[in-house]
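Trainee: Take this structure first; my questions come after.
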Ligand code: ADP
Ligand code: ADP
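Residue numbers (UniProt numbering): 16 to 243.
This is the structure:
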């Protein structure tokens with residue numbers, strides 16, 4: 016059961032080839048980790064997945080539907096994929112709870128009460144119930160990232176995309192974010208994760224994809240990649 020399929024995805028920035036023809040499948044319930052050196056195209060591929068970035072050529076299919084070349088037309092597909100960024104990107108003038116409630120209210124049209132109930136459950140899930148009224152500035156990086164994960168989950172996505180979710184964190188808060196991601200994986204969420212956390216990739220990934228120079232150079236089960 017393939018959820019995301021990339022077919023010969025290419026991306027150029029002027030003369031520079033960021034993606035040189037990527038073919039890949041992500042199956043339902045899988046955790047796929049994208050690893051490889053900086054600048055090898057991992058983040059570009061992730062951003063092509065939900066139409067945040069436009070491809071130069073190729074196709075991405077989500078549940079069998081091709082993404083449009085017109086970014087505005089991918090709004091519905093984008094809603095079905097949650098995304099978590101390196102730098103959290105929470106709204107600074109909203110509390111933790113407010114950040115999580117916003118999408119359900121403005122995009123899904125939930126009542127404030129329903130959105131609050133959903134947000135409170137998600138804050139509990141990421142272990143931050145007691146921080147509901149904190150603003151992002153009064154949360155640690157790891158706590159902000161857990162709120163960002165809860166905010167993405169509030170839209171009830173089918174797939175979660177993570178773009179180096181722990182790269183901007185202090186070492187002591189990385190583990191709490193990886194634990195939340197691990198639990199999400201155990202719940203059966205389909206996840207595509209760009210990461211430099213090799214222990215996470217080894218323990219949690221179902222499939223590891225190694226990038227170099229805009230191409231996939233190797234892929235397989237973690238033990239095939241790491242124990243070779
Ligand atoms: P990775 O995630 O593997 O570190 P990226 O996908 O972020 O790699 O970047 C791939 C390459 O594309 C990098 O060399 C980067 O500098 C380049 N790149 C990314 N975005 C742009 C852009 N908007 N304009 C020009 N070059 C870009
Ligand atoms: P199954 O669930 O069918 O038993 P496994 O997870 O055991 O599949 O994987 C079998 C083989 O298929 C492994 O070599 C694995 O790396 C590969 N594989 C798993 N997921 C993917 C994928 N999304 N794309 C390509 N190959 C994959």
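Here a beta-carbon is modelled for each residue, glycine too, at the ideal position from N, C-alpha and C.
Keep in mind the model is a prediction, meaning the values are calculated, not measured.
If I measure Cβ to Cβ from residue 122 and keep anything under 8 Å in the same chain, skipping five residues before and after, which residues do I get?
Mentor: Around residue 122: 94, 170.
Trainee: So, does the CB of residue 17 fall closer than 9 Å to a CB anywhere in chain B?
Mentor: The structure shown contains no chain B; it holds only a single protein chain.
Trainee: Please report the residue range of the beta strand (DSSP E) in which residue 206 lies.
Mentor: From DSSP, the beta strand (DSSP E) with residue 206 extends over 205 to 209.
Trainee: Beta strand (DSSP E) containing residue 168: first to last residue?
Mentor: Run containing residue 168: none in the beta strand (DSSP E); it sits in the alpha helix (DSSP H), 156 to 168.
Trainee: With H, G and I counted as helix, E and B as strand and the rest as coil, what does DSSP make of residue 232?
Mentor: Residue 232: strand per DSSP, three-state reduction.
Trainee: Using the three-state DSSP reduction, which class does residue 97 fall into: helix, strand or coil?
Mentor: Reduced to three states, the DSSP call for residue 97 is strand.
Trainee: What is the C-beta distance between residue 26 and residue 59, in whole angstroms, given that I count them as a contact (C-beta under 8 Å)?
Mentor: The Cβ separation is near 5 Å, so the contact holds.
Trainee: Who pairs with residue 222 in a beta bridge, going by DSSP?
Mentor: DSSP lists 47 as partners of residue 222.
Trainee: DSSP state of residue 31, grouped into three classes?
Mentor: Note: residue 31 maps to strand in three-state DSSP.
Trainee: So residue 72 is in the beta strand (DSSP E); what residue range does that whole segment cover?
Mentor: Taken as a continuous stretch (DSSP letters only), the beta strand (DSSP E) holding residue 72 covers 72 to 77.
Trainee: Between the Cα of residue 97 and the Cα atoms of 243, 203, 187, 163, which residue gives the shortest distance?
Mentor: Of the candidates 243, 203, 187, 163, the one whose C-alpha sits nearest the C-alpha of residue 97 is 163.
Trainee: Can residue 167 and residue 219 be called in contact, C-beta distance under 9 Å?
Mentor: Going by C-beta atoms, residue 167 is not nearer than 9 Å to residue 219.
Trainee: Flag this pair as yes or no: are the beta carbons of residue 156 and residue 188 separated by less than 9 Å?
Mentor: Result yes, Cβ atoms of residue 156 and residue 188 sit closer than 9 Å.
Trainee: Using a threshold of 9 Å, state whether the C-beta atoms of residue 200 and residue 151 are closer than that.
Mentor: Going by C-beta atoms, residue 200 is not nearer than 9 Å to residue 151.
Trainee: For residue 72, verify whether its CB is less than 8 Å away from any heavy atom of ligand 1.
Mentor: Checking every heavy atom of ligand 1 against the Cβ of residue 72, none is found closer than 8 Å.
Trainee: Looking at ligand 3, does it come within less than 8 Å of residue 140, judged from the CB to the closest heavy atom?
Mentor: Absence of ligand 3 from the depicted structure is noted, with ligand 1 and ligand 2 being the only ligands included.
Trainee: In the DSSP assignment, find the beta strand (DSSP E) that holds residue 174 and state where it starts and stops.
Mentor: Note, residue 174: beta strand (DSSP E), 174 to 178.
Trainee: Please classify residue 227 as buried or exposed, where buried requires at least 16 other C-beta atoms within 10 Å of its C-beta.
Mentor: The residue is exposed, with fewer than 16 neighbouring Cβ atoms inside 10 Å.
Trainee: What's the C-alpha gap between residue 62 and residue 69?
Mentor: Their backbone Cα atoms lie some 8 Å apart in a straight line.
Trainee: Around the Cβ of residue 57, are there at least 16 other Cβ atoms within 10 angstroms (buried) or fewer (exposed)?
Mentor: With 16 or more Cβ atoms within 10 Å of its Cβ, residue 57 is classed as buried.
Trainee: Kindly list the residues whose CB is nearer than 7 Å to the CB of residue 30, restricted to its own chain and excluding five residues on each side of it in sequence; keep chain order.
Mentor: Cβ within range, chain order: n/a, list empty.
Trainee: Can you give me the C-alpha to C-alpha distance between residue 198 and residue 179, rounded to a whole angstrom?
Mentor: Going by the C-alpha atoms only, they are around 17 Å apart.
Trainee: So the candidates are 71, 176, 50; which of them puts its Cα closest to the Cα of residue 44?
Mentor: Checked all of 71, 176, 50; the closest Cα to residue 44 is 176.
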